[in-house]
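Undergrad: The first sequence begins at 0 in numbering that gives the first Met the number 0 and counts up one residue at a time.
Glycine included, each C-beta is placed from N, C-alpha and C at the ideal position.
Please read through the structure below; I'll follow up with questions.
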Amino acid sequence: MYRAPRGTADVLPEEQGYWRYIEARARALGQRFGYQRLDTPVFEQTALFVRGVGQGTDIVEKEMYSFLDRGGDSMTLRPEGTAPVCRAYLEHGMHNQPQPVRLYYFSPAFRYERPQAGRFRQHHQFGVEALGDGDPSVDAEIVEMAWRLMEDLGLRDLTLLLNSIGDSECRPAYLEHLRAYYASRVERLCQDCRGRLERSPLRLLDCKQEACQALAQEAPRSIDHLCHPCRDHWEELMKCLRRLDIPFRVEPRLVRGLDYYTRTVFEIQPPEERAQSTLCAGGRYDGLIQELGGPPTPGIGFAAGMERMVSNVKGQGVPVPQEESVRVVIAYLGDEAKGEALSLASQLRSKGIGAVLAPAGKSLRAQMRYANSLGVSYALILGEEEMRSGSALLRDMAKGEQRVVPLQGVAEELAN
RNA sequence: GUGGGCGUGGCCAAGCUAGGUCCAAGGCGCCAGGUUGUGGCCCUGGAGAUCGAGGGUUCAAAUCCCUCCGUCCACCCCA
């Protein structure tokens, strides 16, 4: 038997309520903050991600779904949302629009990973990007959006973690401090971290090993090694957030896995710490657009995981409106009634009333059971008697009462 | 890529530790009947399982062993 590929999942009808709920809130959020929706293709030239996400990152090294198309070009299923947005920004000359350009998107993302709680090979993100304005107030706007989204979803007890990792001016020096610090303590590091020391020293900060954690506590903090512009930016961002009453926690060990981040990075964590729990993560990427061949252009954004939001909305018992079911089931007996039932259903639908026929060839009892299991408000019964008198029985399922109504008036009757 | 848990009808699940009484219990769901044309409760009956797959041990395996696959969780990494 065929199954959904590993790490992918069907979103079944009974789950849809959660997804539509989150999408509706996210869309409203984008609208309120003046963001416009942008959809980009599900695949792009491989080079876009190699360039954008970074040669040495795990995503590029071992997680991309890449393939050669029939023309021999290497294509890759989008592993993240920011690079495509930046590509579209450049391709459509959006740098000629008033800056910043504010965009949001819903899109699937693909990474060849080992699935586990909260991690999939295909997942879905709601993302937001503000391009072309490097002012800290834009950072604050993005962080606020992320926070408000979680509020709007009705999620409680979340933590907003914030950090600044500097830019190309100050980060190299900071990394040297970090390496120096760890170099004298290598023997206390776990195996993995010894390997990481040269390649990506920032990663040592969020290693989960106890010994490494202890070292990370005392490690030099990037916010203490920012250059002046970065420091000013960082200070002002915090000032903005305080002014907005966004309760953030400075987390000097917060780092990001993608190469393009500069200055601001942040995450939103749910109350119960699981392994893959980050609901939302983002940051500034002032070098990215230039890296992709555009003019020097600042940018900042975040992405929130749909599956993780769904799971938290469920887990916290947030009441979510369910999609309305069909209003009417039409039960009928006999061929003549069948024709009438068909046209009646059509009339009802044209008036916006959801209607379905009971399954053909079943006893009335079975048809009524069907109506009941669908949870409809009304059943319309068309039998031989009704056919003779040109009427139908309209049964109120909740009350268990029914009355004869003329066929002509049924649609109007139900419309009220 | 590494480590651990799990894998019995559509779903939940007993049985597996001490192999036979299991041609596999029960519940939900599904189908039919209990009313010549009527739901929800209740009652009766029914369909539906190569016990994840393959191999091995044994007179005998859902139960023991091996391999593989799947799934879940953790590492790695990330939304």
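CA-CA distance, L37 and V100?
TA: If you number the first sequence from 1, residue 37 lands on position 38. If you number the first sequence from 1, residue 100 lands on position 101. Distance between the alpha carbons of L37 and V100: 11 Å.
Undergrad: Name the DSSP beta bridge partners of A280, please?
TA: The residue you call residue 280 lines up with position 281 of the first sequence. E266 and A302, per the DSSP bridge assignment.
Undergrad: Would T75 and F42 be called neighbours here (beta carbons separated by less than 8 Å)?
TA: In the first sequence, residue 75 corresponds to position 76, counting from 1. In the first sequence, residue 42 corresponds to position 43, counting from 1. In this structure, F42 lies closer than 8 Å to T75 by Cβ.
Undergrad: I need the straight-line Cα distance from L392 to S362, nearest angstrom please.
TA: Counting from 1 along the first sequence, the entry for residue 392 is found at position 393. Counting from 1 along the first sequence, the entry for residue 362 is found at position 363. Answer to the nearest angstrom: the Cα atoms are 16 Å apart.
Undergrad: Have a look at V327, C279 and V137 and flag the residue whose alpha-carbon is nearest the alpha-carbon of K350.
TA: Locating residue 350 in the first sequence gives position 351, where the first residue counts as 1. Taking only the C-alpha atoms, the option nearest K350 is V327.
Undergrad: Could you say which of I21, P78 and G6 lies nearest to P320 if we only look at CA atoms?
TA: As a working mapping, residue 320 is identified with position 321 in the first sequence. Considering only alpha carbons, the answer is I21.
Undergrad: Under the DSSP definition of a beta bridge, which residues are partnered with I380?
TA: Locating residue 380 in the first sequence gives position 381, counting from the first residue. Paired residue(s): A330 and L392.
Undergrad: Determine the closest residue to G286 out of G298, Y180 and C279, with distance taken between C-alpha atoms.
TA: Within the first sequence, the letter at position 287 stands for residue 286. The residue with the shortest Cα to Cα distance from G286 is G298.
Undergrad: Three-state secondary structure (DSSP) at V185?
TA: Here residue 185 refers to the residue found at position 186 of the first sequence. Looking at V185 - three-state DSSP - the assignment turns out to be helix.
Undergrad: Suppose the cutoff is 6 Å on Cβ atoms and the five residues either side in sequence are ignored; what does the same chain contact list for R307 look like?
TA: Taking the first residue of the first sequence as position 1, residue 307 is located at position 308. Closer than 6 Å at the Cβ level, and outside the excluded window around R307, lie G117 and L278.
Undergrad: Would you tell me roughly how many angstroms separate the C-alpha atoms of L177 and E266, rounded to the nearest one?
TA: As a position in the first sequence, residue 177 is number 178, starting the count at 1. As a position in the first sequence, residue 266 is number 267, starting the count at 1. The alpha-carbon atoms of L177 and E266 are separated by roughly 22 Å.
Undergrad: Whose C-beta lies closer than 7 Å to the C-beta of E62 among residues of the same chain, with five residues either side of it excluded?
TA: The residue you call residue 62 lines up with position 63 of the first sequence. So the qualifying residues of the chain are P78, R110, Y111 and E112.
Undergrad: Apart from the five residues just before and just after G165, which ones in its own chain have a Cβ nearer than 8 Å to its Cβ?
TA: By one-based count along the first sequence, residue 165 stands at place 166. So the list reads Y173, S221, H224, L225, C226, C229, T261 and R262, once near-sequence residues are dropped.
Undergrad: Taking the straight line between their C-alpha atoms, what separation do you get for G300 and L159?
TA: Taking the first residue of the first sequence as position 1, residue 300 is located at position 301. Taking the first residue of the first sequence as position 1, residue 159 is located at position 160. Their Cα atoms are separated by approximately 15 Å.
Undergrad: What does the Cβ neighbour count give for F48, buried or exposed, with the cut at 16 atoms within 10 Å?
TA: The residue given as residue 48 occupies position 49 in the first sequence. Burial call: buried.
Undergrad: Suppose you measure from the CA of R24 to the CA of R193; what does that come to, to the nearest Å?
TA: For the purposes of this step, residue 24 is taken as the residue at position 25 of the first sequence. For the purposes of this step, residue 193 is taken as the residue at position 194 of the first sequence. If I take the Cα positions, the gap works out to 44 Å.
Undergrad: Buried or exposed, going by whether 16 or more other CB atoms sit within 10 Å of the CB of P269?
TA: For this step, residue 269 is matched to residue 270 along the first sequence. P269 should be labelled buried.
Undergrad: Taking all protein chains shown into account, do 16 or more other C-beta atoms lie within 10 angstroms of the C-beta of V127, making it buried, or fewer, making it exposed?
TA: Within the first sequence, residue 127 is the residue found at index 128, counting from 1. Buried, since its Cβ has 16 or more Cβ neighbours within 10 Å.
Undergrad: Assuming contact is defined by CB atoms lying nearer than 8 Å, are A302 and A330 in contact in what I supplied?
TA: Here the question's residue 302 lines up with position 303 in the first sequence. Here the question's residue 330 lines up with position 331 in the first sequence. No, the Cβ-Cβ distance between A302 and A330 is not below 8 Å.
Undergrad: Would you check if the distance between the CB atom of L157 and the CB atom of R248 is smaller than 8 Å?
TA: Within the first sequence, numbered from 1, the residue matching residue 157 stands at position 158. Within the first sequence, numbered from 1, the residue matching residue 248 stands at position 249. No, Cβ-Cβ distance for L157 and R248 is not below 8 Å.
Undergrad: Around the Cβ of H91, are there at least 16 other Cβ atoms within 10 angstroms (buried) or fewer (exposed)?
TA: Position 92 of the first sequence, counted from the start, is the residue given in the question as residue 91. Burial call: exposed.
Undergrad: Count the other CB atoms, across all protein chains shown, that sit within 10 Å of the CB of P83; report buried if there are 16 or more and exposed otherwise.
TA: In the first sequence, counting from the first residue as 1, residue 83 sits at position 84. Buried.
Undergrad: Can you tell me the Cα-Cα spacing of Q216 and Q208, whole angstroms?
TA: Residue 216 sits at position 217 when you count from the first residue of the first sequence. Residue 208 sits at position 209 when you count from the first residue of the first sequence. So the alpha carbons of these two residues sit roughly 12 Å apart.
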